[in-house]
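Going line by line, the protein sequences match chains U and L. Per this note's numbering, the first sequence starts with residue 14, numbered consecutively. Per this note's numbering, the second sequence starts with residue 14, numbered consecutively. Have a look at the structure below, then the notes.
There are 2 protein chains.
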Amino acid sequence: MNPDAFDALVTNVRGDRLPRVWSLLVTVFGDLAQGDCAAIGSAPLNGIASLIGIRPEAVRVALHRLRKDGWIVSRRTGRRSAYALTPWGRTQSAGASPVIYARDPVESDAWLVLTDPSQPAQEAGQDLFPIASGVALAAAPAREAGELSLRLDCATPVPPWIAEKVCAPETVCQSRILATRLERLCLELVSTDCLSPLQIAVLRVVIVHEWRRIVLKVPRLPDHVFPDGWAGPDCRRHVSDLLSRLPKPRLDALDAVEAGQP
Amino acid sequence: MNPDAFDALVTNVRGDRLPRVWSLLVTVFGDLAQGDCAAIGSAPLNGIASLIGIRPEAVRVALHRLRKDGWIVSRRTGRRSAYALTPWGRTQSAGASPVIYARDPVESDAWLVLTDPSQPAQEAGQDLFPIASGVALAAAPAREAGELSLRLDCATPVPPWIAEKVCAPETVCQSRILATRLERLCLELVSTDCLSPLQIAVLRVVIVHEWRRIVLKVPRLPDHVFPDGWAGPDCRRHVSDLLSRLPKPRLDALDAVEAGQP
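The following block contains the structure:
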């Protein structure tokens, strides 16, 4: 696909604001190089970043920080550098993947969990999403003896003040914008034949990245406790459709790429 | 029945402590004279009180206070005084009767009601029994739009910290003591043939009064949200059995009584 037409596709998905480079690279590694022996060369990394609108200097700074933070390691083969996730980075990526790539809702049940307010607050676990003092939502009943768990079925809509704690109005709005953009991409991407492996990688990365920014911000709870207008289900469906139409390119196909030359 | 044997029966039900006279008289009017035209003469009133162990002076003081508080009015016919509930007093009595005289639990459903903690607290209605900030129990789902109501079925036991708010440990203990005493009375009261109308009235009054002190102290919620050991269902059954064996005497049968002469 010619660069201008492709740039329009990318801009459609990511909007006007550039993503934070550090976070975008986490998406790149998580999507394209999560496997045990997977590594990405600096040329394809810069190639992907450049097609999204990010300059090599910003990539270099972000790679340095990711290394310092324990996400990635770098390897040098001859005059080429390659980057791979550390075991810890891989665990982080693998933990988020089921949520990011799910076609169907990850959770179907919601529970209201009540804890004794006179008891010292428990450590806020991943499992409990607090909505008021001593009151939390969870995807499973509580295991502690002193807690009361009540199932919230789909037929009982939660009141807005609860739904808005689950997902802030801005995030609902972002989900609607992304659903619209992804729907447009589904329509515009009549054929993927004309896309290079690098272009496919870039589209995957922007799609996953935009969805990841939303879905990892909200708690792991079923859609029926989200506010009216939450477009998570649409996003999930479009992400899943698009990614199956844009199969992950082989890393060696990307490695042949010179930076800036898709 | 001879006075000593009868006194033992009464003491068995009421225990060692004398009831508060004001409150006992509310029970007397509510049980024996709740009807529109019902009035009790001072002679039978003193007769009932005396068999429970209360002296005429204490009755006089309590009657004065009940009149001042708007519960009763006094009428004078010749040299006799009689007392009757005011319309307001009758409404109070009639409101409590379904709870006091119920053979079966008054409520079968319990609901957990969650209110938005950021909203100003609503007037604490009779209907909502608060157990924590923004969390209440109720016998019916809430009617307000912003509230979330979840049914607490019998199969889900509530944790002790909730049950103990519904009914304090002392009240649970009182219910067990009363259930034991009423059960003993059921066994001891082989026949009611030997009881005078005044003795029947006295037994009814102490039974109703002791149960009323417990049942009006606890919220109108089903037994399954009460603590382990709550003997409300036993008390309800015994009260109901005993009252049906001790039918309400006619007021004119009591009127024939001279104080202290059952």
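Virtual Cβ for every residue (Gly too), placed ideally from N, Cα, C.
#### Entry: Span of the beta strand (DSSP E) around L208/L
Against the second sequence, residue 208/L aligns to sequence position 195. Element bounds for L208/L: n/a, residue is neither H nor E.
### DSSP three-state assignment for F277/L, whether helix, strand or coil
Outside the shown range of chain L (14 to 275) lies residue 277/L, about which nothing can therefore be said.
### For L150/U and R2/U, the rounded distance between their alpha carbons
Any property of residue 2/U remains undetermined from this structure, which presents chain U solely from 14 to 275.
### Per-residue DSSP class, three states only, for W84/U
In the first sequence, the residue the question calls residue 84/U occupies position 71. DSSP places W84/U in coil when its eight states are reduced to three.
### Query
Taking Cβ-Cβ distances shorter than 8 Å, what residues in chain L pair up with V131/U?
Taking the first residue of the first sequence as position 1, residue 131/U is located at position 118. Position check: residue 131/U holds Ser in this sequence, whereas Val was assumed. Within chain L, W174 have C-beta atoms less than 8 Å from the C-beta of S131/U, given in sequence order.
### Query
How long is the line joining the alpha carbons of L216/U and V23/U, rounded to whole angstroms?
Within the first sequence, numbered from 1, the residue matching residue 216/U stands at position 203. Within the first sequence, numbered from 1, the residue matching residue 23/U stands at position 10. Approximately 7 Å between the Cα atoms of the pair.
### Task
Please go through the same chain and pick out, in chain order, the residues whose beta-carbon is closer than 8 Å to the beta-carbon of E120/L, but skip the five residues on each side of it.
To locate residue 120/L, count along the second sequence from 1; it is residue 107. If we look at E120/L and ignore the five residues flanking it on each side, its Cβ neighbours are A152, R233, L234, P235.
#### Entry: R92/U - DSSP class collapsed to helix/strand/coil
On the first sequence, position 79 is the one that residue 92/U refers to. R92/U: coil per DSSP, three-state reduction.
### Residues near Q274/L in its chain [Cβ-Cβ closer than 8 Å; skip 5 each side]
The residue you call residue 274/L lines up with position 261 of the second sequence. Caution applies to Q274/L, whose pLDDT of 49 falls short of 50 and renders its modelled position unreliable; the model cannot decide the point.
### Message
I need the straight-line Cα distance from D49/L to L198/L, nearest angstrom please.
### Response
Residue mapping note: residue 49/L aligns to position 36 of the second sequence, counting from 1. Residue mapping note: residue 198/L aligns to position 185 of the second sequence, counting from 1. Computed Cα separation, rounded: 32 Å.
### Query
Any Cβ of chain L within less than 9 Å of the Cβ of A151/U?
For the purposes of this step, residue 151/U is taken as the residue at position 138 of the first sequence. Chain L has no Cβ within less than 9 Å of the Cβ of A151/U.
### Query
Taking 9 Å as the CB-CB cut-off, is E160/L touching chain U?
Locating residue 160/L in the second sequence gives position 147, where the first residue counts as 1. At least one chain U Cβ lies under 9 Å of E160/L.
### Message
Contact criterion: CB-CB distance below 9 Å. Does G43/L meet it with respect to chain U?
### Response
Taking the first residue of the second sequence as position 1, residue 43/L is located at position 30. Contact with chain U is absent for G43/L, since none of that chain's Cβ atoms lies less than 9 Å from the residue's Cβ.
### Query
Is the distance from the Cβ of T184/L to the Cβ of G159/L below 9 Å?
Mapped onto the second sequence, residue 184/L falls at position 171. Mapped onto the second sequence, residue 159/L falls at position 146. A distance of 9 Å or more separates the beta carbons of T184/L and G159/L.
### Query
Could you give the residue range of the beta strand (DSSP E) that holds A145/L?
Mapped onto the second sequence, residue 145/L falls at position 132. 142 to 145 is the span of the beta strand (DSSP E), which, as asked, contains A145/L.
### Query
Can you name the residues of chain L whose CB is closer than 8 Å to the CB of S146/U?
Residue 146/U sits at position 133 when you count from the first residue of the first sequence. By Cβ distance, chain L contributes P130, A145, S146, G147.
### Query
Could you give the C-beta distance for S162/L and W124/L, rounded to a whole number, given that I count them as a contact under 8 Å?
Here residue 162/L corresponds to residue number 149 of the second sequence, with the count starting at 1. Here residue 124/L corresponds to residue number 111 of the second sequence, with the count starting at 1. That pair is a contact at about 5 Å.
### Query
At a Cβ threshold of 9 Å, is G273/U touching chain L?
Position 260 of the first sequence, counted from the start, is the residue given in the question as residue 273/U. In this predicted model, G273/U has a pLDDT of only 44, less than 50, meaning its place in the structure is not dependable; the value taken from the coordinates is given anyway. So no, G273/U is outside the interface.
### Task
Look at the alpha carbon of L9/U and the alpha carbon of A266/U, and state the distance between them as a whole number of angstroms.
With chain U covering only 14 through 275, there is no way to say anything about residue 9/U.
### Message
Comparing C-alpha positions only, which one of P143/U, P118/U, Q132/U, S131/U sits nearest to P130/L?
### Response
In the second sequence, counting from the first residue as 1, residue 130/L sits at position 117. Answer by Cα proximity: P143/U.
### Query
Does the count of Cβ pairs from the region 189 to 208 of chain L and the region 163 to 181 of chain U closer than 8 Å reach three?
These segments do not touch.
### Message
Against chain L, does R164/U count as a neighbour if the rule is that its beta carbon must be under 9 Å from one of theirs?
### Response
The count along the first sequence starts at 1 and reaches residue 164/U at position 151. Taking Cβ atoms only, chain L reaches closer than 9 Å to R164/U, which makes this a yes.
### Message
Helix, strand or coil for Q274/U? Go by DSSP, reduced to three states.
### Response
Taking the first residue of the first sequence as position 1, residue 274/U is located at position 261. Bear in mind that a pLDDT of 49 at Q274/U, under 50, signals an unreliable position, so the number given afterwards is only what the model happens to contain. If DSSP states are grouped into helix, strand and coil, Q274/U belongs with the strands.
### Message
Can you give me the C-alpha to C-alpha distance between I220/U and L255/U, rounded to a whole angstrom?
### Response
Looking up residue 220/U in the first sequence gives position 207. Looking up residue 255/U in the first sequence gives position 242. I220/U and L255/U: Cα-Cα distance of roughly 8 Å.
### Query
Where does S36/U sit, in a helix, a strand or coil, going by DSSP?
On the first sequence, residue 36/U is found 23 positions in, with the first residue counted as 1. In the three-state DSSP reduction, S36/U falls in the helix class (H, G or I).
### Query
Excluding sequence positions up to five away, which residues of its chain have a Cβ less than 7 Å from the Cβ of G242/L?
To locate residue 242/L, count along the second sequence from 1; it is residue 229. V185, R189.
#### Entry: Beta-ladder partner(s) of L150/L, from DSSP
Numbered from 1 along the second sequence, position 137 holds the residue referred to as residue 150/L. Bridge partners of L150/L: L125/L, F142/L.
### Task
Please report the Cβ distance between S94/U and G54/U, rounded to the nearest whole angstrom; I am assuming they are in contact, meaning their Cβ atoms lie under 8 Å.
Looking up residue 94/U in the first sequence gives position 81. Looking up residue 54/U in the first sequence gives position 41. For a cut-off of 8 Å, the C-beta gap from S94/U to G54/U is around 7 Å, short enough to register as a contact.
#### Entry: Member of G91/L, I85/L, P118/L, D29/L whose CA lies at the smallest distance from the CA of T104/L
Position 91 of the second sequence, counted from the first residue, corresponds to residue 104/L. Looking from the CA of T104/L, the closest CA among G91/L, I85/L, P118/L, D29/L belongs to I85/L.
#### Entry: Within chain L, the residues that L98/U reaches when beta carbons sit closer than 8 Å
Residue mapping note: residue 98/U aligns to position 85 of the first sequence, counting from 1. Using a Cβ-Cβ cut-off of 8 Å, L98/U is close to nothing in chain L; its nearest Cβ partner there is about 42 Å away.
### Task
Measure the alpha-carbon distance for R156/L versus Q187/U and round it to whole angstroms.
For the purposes of this step, residue 156/L is taken as residue 143 along the second sequence, with counting starting at 1. For the purposes of this step, residue 187/U is taken as residue 174 along the first sequence, with counting starting at 1. C-alpha separation (whole angstroms): 33 Å.
### Query
Using a Cβ cut-off of 9 Å, which residues of the region 27 to 51 of chain L contact any Cβ in chain U, in chain order?
Among the residues of the region 27 to 51 of chain L, none has a Cβ less than 9 Å away from any Cβ of chain U.
### Message
At the level of alpha carbons, what is the spacing between T205/U and N15/U?
### Response
Translated into the one-based positions of the first sequence, residue 205/U becomes position 192. Translated into the one-based positions of the first sequence, residue 15/U becomes position 2. Spanning the alpha carbons of T205/U and N15/U requires a straight line of approximately 13 Å.
### Message
Any beta carbon from chain L within less than 9 Å of A266/U's own beta carbon?
### Response
By 1-based counting over the first sequence, the position of residue 266/U is 253. Not one chain L Cβ lies under 9 Å of A266/U.
### Message
Let me see if you follow: with CB-CB separation under 9 Å, is T205/U close to chain L or not?
### Response
Within the first sequence, residue 205/U is the residue found at index 192, counting from 1. With 9 Å as the cut-off, T205/U does not count as an interface residue toward chain L.
### Query
Which residue's Cα is closest to the Cα of L259/L: I213/L, R249/L, D82/L, A244/L?
Sequence index remark: in the second sequence, residue 259/L carries index 246 (1-based). Nearest option by C-alpha distance: I213/L.
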